[in-house]
Amino acid sequence: MTQPPHGRNPFSPRTPAAGALAAEAPAAETPAAEAPDALPAYYAELGGGPVCAICGAYPAVEATLRSHVGLVLLMSTHKEKAVRCRDCGLAAFRDAQEQTLKKGWWSAWSLLVGPLVLVTNLRARDRALKLDTPRPGAPRPPLSAGRPLHRRPWAATLVVVPLLLVAMLLTIALSSSDDDGDTRGISEAVVGDCLRNFGTESAPRVSPVDCADPEADYTLLVRLDGATSAEGCPSVAVATYAYPGPQPFVLCMIESGGIMFTPGMSP
Numbered sequence: 008m009t010q011p012p013h014g015r016n017p018f019s020p021r022t023p024a025a026g027a028l029a030a031e032a033p034a035a036e037t038p039a040a041e042a043p044d045a046l047p048a049y050y051a052e053l054g055g056g057p058v059c060a061i062c063g064a065y066p067a068v069e070a071t072l073r074s075h076v077g078l079v080l081l082m083s084t085h086k087e088k089a090v091r092c093r094d095c096g097l098a099a100f101r102d103a104q105e106q107t108l109k110k111g112w113w114s115a116w117s118l119l120v121g122p123l124v125l126v127t128n129l130r131a132r133d134r135a136l137k138l139d140t141p142r143p144g145a146p147r148p149p150l151s152a153g154r155p156l157h158r159r160p161w162a163a164t165l166v167v168v169p170l171l172l173v174a175m176l177l178t179i180a181l182s183s184s185d186d187d188g189d190t191r192g193i194s195e196a197v198v199g200d201c202l203r204n205f206g207t208e209s210a211p212r213v214s215p216v217d218c219a220d221p222e223a224d225y226t227l228l229v230r231l232d233g234a235t236s237a238e239g240c241p242s243v244a245v246a247t248y249a250y251p252g253p254q255p256f257v258l259c260m261i262e263s264g265g266i267m268f269t270p271g272m273s274p
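Numbering (this note's numbering), first residue to last: 8 to 274.
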């Protein structure tokens with residue numbers, strides 16, 4: 008049986024346990040330049056395949072892991088291809104996923120790249136989980152995979168923070184809807200409705216509001232369906248609003264306080 012290259016492994020003066028090995032034999036000294044390749048070659052011969060680049064255990068498999076960091080205007084993706092045993096592969100997978108989950112959202116493009124990185128790493132995890140229990144190698148024991156990602160303390164922020172953002176956006180949308188009134192109801196406005204300008208004098212945007220609203224600007228006096236100009240409005244109208252949609256109409260309004268429009272102005 009091939010003897011392990013003890014002289015090339017400063018971490019393990021004894022033969023690494025891998026089943027029932029032969030009794031120790033005096034190790035031949037080997038030049039230091041050959042040391043990096045000697046130990047993996049020995050375990051590859053012993054186990055019939057590659058050994059873990061981290062702990063020297065076998066069986067092991069080559070896989071690629073990526074981690075992503077968003078940097079506001081920039082972003083960075085780190086790629087690492089290595090041979091790992093089951094335990095070291097799972098530990099490396101969880102570390103890469105944690106890095107991306109914590110820091111991979113802080114730029115515009117990261118919102119797209121981050122999820123892709125998380126998904127592609129699943130292949131490396133699946134390859135690691137298909138391996139048998141690592142047989143000890145050298146120079147160290149296999150890494151501990153640690154807690155699953157969903158059981159780590161920071162994982163709650165991945166749920167709480169998005170929920171807070173959604174709640175904030177909904178609040179803004181609802182308050183904006185309240186402020187803007189019924190913007191779609193303008194096409195259904197009838198004589199006597201109270202109206203408010205939610206735009207500006209140069210770009211008016213009129214919508215119906217409750218007549219009890221102190222910010223109501225106008226009262227609808229005449230509605231001209233099919234018209235595109237204010238020529239048909241009575242002279243008492245102080246403001247007009249021309250709707251240029253597929254079924255155009257013009258609203259002739261009298262002031263009930265607030266912004267004054269120039270007669271004939273259209274949005």
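The beta carbon of each residue, even a glycine, is placed where N, CA and C say it ideally should be.
Can you tell me which of the three DSSP states residue i falls into?
{"i": "Val76", "result": "strand"}
{"i": "Leu150", "result": "coil"}
{"i": "Glu222", "result": "coil"}
{"i": "Glu208", "result": "coil"}
{"i": "Pro43", "result": "Confidence is the limiting factor: at Pro43 the pLDDT is only 47, short of 50, which leaves the residue's position unreliable and the question unanswerable from this model."}
{"i": "Leu249", "result": "Before going further, note that residue 249 is Ala rather than Leu in the sequence given. DSSP places Ala249 in strand when its eight states are reduced to three."}
{"i": "Lys137", "result": "coil"}
{"i": "Ala145", "result": "coil"}
{"i": "Arg91", "result": "strand"}
{"i": "Ser114", "result": "strand"}
Would you list the residues sitting across from residue i in a DSSP beta bridge?
{"i": "Pro215", "result": "Leu202"}
{"i": "Arg230", "result": "Leu258"}
{"i": "Leu81", "result": "Leu78"}
Using a Cβ-Cβ cut-off of 8 Å (strictly less than) and excluding sequence neighbours within five positions of residue i, which residues of its own chain qualify?
{"i": "Gly233", "result": "Gln254, Pro255 and Phe256"}
{"i": "Asp139", "result": "Pro66 and Arg93"}
{"i": "Leu156", "result": "Arg101, Gln104, Glu105, Leu108 and Ala162"}
Using the beta-carbon count (16 or more within 10 Å), is residue i buried or exposed?
{"i": "Thr107", "result": "buried"}
{"i": "Cys218", "result": "exposed"}
{"i": "Arg73", "result": "buried"}
{"i": "Val79", "result": "exposed"}
{"i": "Leu129", "result": "exposed"}
{"i": "Met260", "result": "buried"}
Can you tell me which of the options puts its alpha carbon nearest to the alpha carbon of residue i?
{"i": "Ser209", "options": "Thr247, Pro57 and Pro148", "result": "Thr247"}
{"i": "Lys88", "options": "Gly56, Arg132 and Leu118", "result": "Arg132"}
{"i": "Gly192", "options": "Leu177, Arg212 and Thr178", "result": "Arg212"}
{"i": "Ile61", "options": "Pro146, Leu171, Ala152 and Gly77", "result": "Pro146"}
{"i": "Thr235", "options": "Leu171, Tyr250 and Met82", "result": "Tyr250"}
{"i": "Leu231", "options": "Glu195, Asn204 and Val216", "result": "Glu195"}
{"i": "Asp200", "options": "Glu262, Gly144 and Arg142", "result": "Glu262"}
With a CB to CB cut of under 6 Å and the five nearest residues on each side skipped, what residues in its chain are close to residue i?
{"i": "His75", "result": "Thr84, Thr107, Gly111, Val120, Gly121 and Val124"}
{"i": "Gly275", "result": "As shown, the chain starts at 8 and ends at 274. That puts residue 275 outside it, with no answer to give."}
Might you give, ordered along the chain, the residues of its own chain that have their beta carbon closer than 7 Å to the beta carbon of residue i, omitting 5 neighbours on each side?
{"i": "Ala98", "result": "Leu150, Ser151, Ala152 and Gly153"}
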